[in-house]
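Numbering (this note's numbering), first residue to last: 5 to 172.
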């Protein structure tokens, strides 16, 4: 989907220095809100390929654990700054299989890539942390629990495994 989105020039970009400075967290929050407003105004066939990509300035010598902590801190900071109520149909317990991160009243699909992912090439898209964000309903519609969705997920997993040299 990312390839199709890029080819159709459907990616929206945001750039920040950090994920912990209040101004940068605010900028990410504003980028998400602006992105969601833009997606909501589009026809579904176009909106489904629209993805927000947030690039974070590279940091030196950060481990996978460090990036995981940074991601958790960012999501918590966004949650704490969110003025919209948590969606009623999304569990608040992160251990619940139906949980999804929500911001601006919307469940989101957030994919995080970092340069510390040296074995899993599919999770390393450059020298800095990168977040790819889309509405969760798009993910559910395109790759959800349907025959078509199962085929899409199977294809994605097979391509990812090949790209990651056999890592499943």
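Glycine is no exception: its CB is placed at the ideal position from the N, C-alpha and C atoms.
Three-way DSSP call (helix, strand, coil) for residue i in this model
{"i": "residue 117", "result": "strand"}
{"i": "residue 51", "result": "helix"}
{"i": "residue 13", "result": "coil"}
{"i": "residue 4", "result": "The requested residue 4 does not occur in the structure, where the chain is confined to residues 5 to 172."}
Span of the beta strand (DSSP E), counted from its first residue to its last, around residue i
{"i": "residue 138", "result": "134-139"}
{"i": "residue 106", "result": "105-107"}
Short Cβ contact (8 Å threshold) for residue i with residue j
{"i": "residue 109", "j": "residue 62", "result": "no"}
{"i": "residue 16", "j": "residue 23", "result": "no"}
{"i": "residue 42", "j": "residue 58", "result": "no"}
{"i": "residue 112", "j": "residue 94", "result": "no"}
{"i": "residue 18", "j": "residue 56", "result": "yes"}
{"i": "residue 1", "j": "residue 44", "result": "As displayed, the chain neither begins before 5 nor continues past 172, which places residue 1 out of reach and without an answer."}
{"i": "residue 33", "j": "residue 107", "result": "yes"}
{"i": "residue 20", "j": "residue 60", "result": "yes"}
{"i": "residue 40", "j": "residue 101", "result": "no"}
CB contact below 8 Å: residue i versus chain B
{"i": "residue 113", "result": "Looking at the structure shown, chain B is missing, and only one protein chain is on hand."}
The stretch 112-126 touching the stretch 65-72, judged by at least three CB pairs closer than 8 Å: Yes, since at least three Cβ pairs between the stretch 112-126 and the stretch 65-72 fall closer than 8 Å, the two stretches touch.
Unbroken stretches of the beta strand (DSSP E), 3 residues or longer, contained in the stretch 24-97: 55-60
Sufficient close CB pairs (3 or more, under 8 Å) joining the stretch 47-54 to the stretch 84-95: no
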